[in-house]
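Q: My questions will all concern the structure given below.
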Amino acid sequence: MPSLKEIYDRLYNAFGPQNWWPGETPFEVLVGAILVQNTAWANVEKAIRNLREEGLMCPKRLYRLKDAELEELIRPCGYYRIKARRLKNVLRYLLKRHDGSLEQMFRLPIDQLRRELLEINGIGPETADSIILYAGNLPTFVVDAYTHRIFSRHGWVDPEADYHTLKEFFESQLEPDAALYNEYHALLVRLGKDYCKKRPRCQACPLEIYLPDGQPYDAWLE
DNA sequence: GACCAGGCACATC
DNA sequence: GATGTGCATGGT
0 MPSLKEIYDR
10 LYNAFGPQNW
20 WPGETPFEVL
30 VGAILVQNTA
40 WANVEKAIRN
50 LREEGLMCPK
60 RLYRLKDAEL
70 EELIRPCGYY
80 RIKARRLKNV
90 LRYLLKRHDG
100 SLEQMFRLPI
110 DQLRRELLEI
120 NGIGPETADS
130 IILYAGNLPT
140 FVVDAYTHRI
150 FSRHGWVDPE
160 ADYHTLKEFF
170 ESQLEPDAAL
180 YNEYHALLVR
190 LGKDYCKKRP
200 RCQACPLEIY
210 LPDGQPYDAW
220 LE
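The first sequence maps to residues 0 to 221 in numbering that gives the first Met the number 0.
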């Protein structure tokens, strides 16, 4: 396979900078990381807009909001009841442990912060890493369904590989560079959305991954 | 109408 | 330890 750096360069040359995360502030990124779980971003935008318009993009105010009201505001992004609970769980941690200060939270060593986030009910590995990388601008690689799908369909990783294995796969071959990790993950999502859907649809290319000019993506990367 | 989307927790065997 | 299921809206 091509080196991870080369794959990155080719993706960057093809798609350009993705300007992630699409959130105004670190706190919005944190909120978005919960709301986007297994959900299309377009739906999350509506929920975030609702919170913003109500002036609720603030840890304390959001935490004090009644569950029923929070649920109603985030309803457009789906799983709204469980996500309301998960949001409250993170907010409780943020307020009690860090006095509501993200800045303070991100002063923790990355590994420790990651462990603490993973103890929160509703925060799994991808959400924890997304918060650390995209809200904290700290170098931890974010793995998601697209990452797994793209790399396993190419035969570059074991299809059975779990989150931690994929994360190590990237971090062991790339410098710990937050800007690089940020752009890399965003580019993989872009590639996945455009060319690597969940269910393969085209017989001509076993990978079902194509570039805008119709050339198979796998050939393009060789 | 079926399928999909930037997961995660929990029940059951 | 592995496998299955609930959570839910909105776009294609």
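Virtual Cβ for every residue (Gly too), placed ideally from N, Cα, C.
Between Asn88 and Gly54, which are expected to be in contact by the criterion C-beta below 8 Å, what is the C-beta distance as a whole number of angstroms?
A: As a first step, residue 88 is located in the first sequence; it is residue number 89 there, counting from the start. As a first step, residue 54 is located in the first sequence; it is residue number 55 there, counting from the start. Wrong, their Cβ atoms sit about 22 Å apart, outside the cutoff.
Q: Counting beta carbon pairs with one atom in the region 146-162 and one in the region 103-112, are three or more of them shorter than 8 Å?
A: These segments do not touch.
Q: Could you tell me the distance, in whole angstroms, from the CA atom of Thr38 to the CA atom of Val28?
A: Position 39 of the first sequence holds residue 38. Position 29 of the first sequence holds residue 28. Looking at the two C-alpha atoms, the distance is approximately 15 Å.
Q: State the CB to CB distance for the pair Glu167 and Val141, rounded to an integer number of angstroms; the pair is presumed to be in contact (CB under 8 Å).
A: Position 168 of the first sequence, counted from the start, is the residue given in the question as residue 167. Position 142 of the first sequence, counted from the start, is the residue given in the question as residue 141. Not quite, the Cβ-Cβ distance comes to about 13 Å (not below 8 Å), so this is no contact.
Q: Nearest-angstrom Cα distance between Arg85 and Tyr216?
A: Locating residue 85 in the first sequence gives position 86, where the first residue counts as 1. Locating residue 216 in the first sequence gives position 217, where the first residue counts as 1. About 38 Å.
Q: Locate the alpha helix (DSSP H) running through Ser151, then write down its first and last residues.
A: Locating residue 151 in the first sequence gives position 152, where the first residue counts as 1. Per DSSP, Ser151 belongs to the alpha helix (DSSP H) from Ala144 to Arg152.
Q: If you draw a straight line from the C-alpha of Ser129 to the C-alpha of Asp193, how long is it?
A: The count along the first sequence starts at 1 and reaches residue 129 at position 130. The count along the first sequence starts at 1 and reaches residue 193 at position 194. Computed Cα separation, rounded: 21 Å.
Q: Tell me whether Glu52 is buried or exposed, calling it buried when 16 or more other Cβ atoms sit within 10 Å of its Cβ.
A: As a first step, residue 52 is located in the first sequence; it is residue number 53 there, counting from the start. Answer is exposed; the Cβ neighbour count stays below 16.
Q: Can you grab the Cα-Cα spacing for the pair Leu116 / Ser2, in whole Å?
A: Translated into positions along the first sequence, residue 116 becomes position 117. Translated into positions along the first sequence, residue 2 becomes position 3. Rounded to the nearest angstrom, the two C-alpha atoms are 31 Å apart.
Q: Rank Lys82, Glu70 and Lys59 by C-alpha distance to the C-alpha of Leu94 and give the top, closest one.
A: On the first sequence, position 95 is the one that residue 94 refers to. The shortest Cα separation from Leu94 among Lys82, Glu70 and Lys59 belongs to Lys59.
Q: Does the Cβ of Ala127 have 16 or more other Cβ atoms within 10 Å, making it buried, or fewer, making it exposed?
A: Here residue 127 refers to the residue found at position 128 when the first sequence is read from its first residue. Ala127 comes out buried.
Q: Have a look at Pro25, Arg96, Ala144 and Leu72 and flag the residue whose alpha-carbon is nearest the alpha-carbon of Arg198.
A: One-based indexing of the first sequence puts residue 198 at position 199. Nearest of Pro25, Arg96, Ala144 and Leu72 to Arg198, Cα basis: Ala144.
Q: Residues in the same chain with beta-carbon distance under 6 Å from Phe222, minus the five sequence neighbours each way, listed in chain order, please.
A: Residue 222 lies beyond the stretch modelled for the chain, which goes from 0 to 221, so this question has no answer here.
Q: Going by C-alpha to C-alpha distance, which of His147, Ser171, Asp176 and Gln172 sits closest to Tyr162?
A: Looking up residue 162 in the first sequence gives position 163. The residue with the shortest Cα to Cα distance from Tyr162 is His147.
Q: Would you kindly report the start and end of the unbroken alpha helix (DSSP H) that includes Asp161?
A: Here residue 161 refers to the residue found at position 162 of the first sequence. No alpha helix (DSSP H) contains Asp161, which DSSP labels as neither H nor E.
Q: In chain order, what residues of the same chain have a beta carbon less than 8 Å from the beta carbon of Leu165, not counting five sequence neighbours either side?
A: On the first sequence, position 166 is the one that residue 165 refers to. Val142, Thr146, His147, Phe150 and Val156.
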